[in-house]
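Quick notes on the structure that follows.
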Amino acid sequence: MIKGIGHIGIFVSDIAAAVESLCKTFDLEMPAIKDVPERSMKVAVIPWGGAALELVEDYSKDGSVAHMVKERGSFIHHFCLVSDNIEADIAKLHDKGAQMATPEPVVGLRGKRIAFIKSGILDDVPIELSEP
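Once you know that position 90 of the sequence shown is 80 in my numbering, the rest is easy, because the numbers rise by one and skip nothing.
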């Protein structure tokens, strides 16, 4: 069952600067920045209220995220819904006509199983499902 919003995913060009700026401006606790070298990415999660901000930096020169940030600058990419049974929620969404970009859960940057719904429900806003 989908429990609610887990996080808002933000792609950034400089994760250390973005984390420092957000945390200093809003008096938030500085999170660890996790390096995921096999994906050439860094991720930081800043809990805030009942949800979180997930900042992602692609430090590869030719990755899709790096390319988008180079063109657009830092931007909100997606929002994530927390699912306590991701397979059942994927099946339920499929029954309602939603198409999945990832039909089977995959392991995301934070080590949790995730799946993305294809754009179309909210124009081009990606929606992620994630285990808690």
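From the three backbone atoms N, C-alpha and C, an ideal C-beta is built for every residue, glycine too.
Note that the coordinates shown come from a computational prediction; the quantities given were computed from them, not determined experimentally.
Item: If A105 sits next to P95, beta carbons under 8 Å apart, how far is it from one beta carbon to the other, in whole angstroms?; Value: 5 Å
Item: Between the stretch -8 to 0 and the stretch 68 to 76, can you find at least three pairs of beta-carbon atoms closer than 8 Å?; Value: yes
Item: If S3 sits next to S64, beta carbons under 8 Å apart, how far is it from one beta carbon to the other, in whole angstroms?; Value: 6 Å
Item: Quick one: Cα of D74 to Cα of V46, how far?; Value: 24 Å
Item: Would you please state the rounded distance, in angstroms, between the beta carbons of A6 and I23? I believe it to be under 8 Å.; Value: 6 Å
Item: Give the secondary structure of S3 by DSSP, where H, G and I count as helix, E and B as strand, and everything else as coil.; Value: coil
Item: At which residues does the beta strand (DSSP E) containing L54 begin and terminate?; Value: The identity of residue 54 in the sequence shown is Ser, whereas the question assumes Leu. It is not in any beta strand (DSSP E) - S54 instead sits in the alpha helix (DSSP H) that spans 54 to 62.
Item: By a C-beta neighbour count over all protein chains shown, 10 Å radius and 16 as the cutoff for buried, is M31 buried or exposed?; Value: buried
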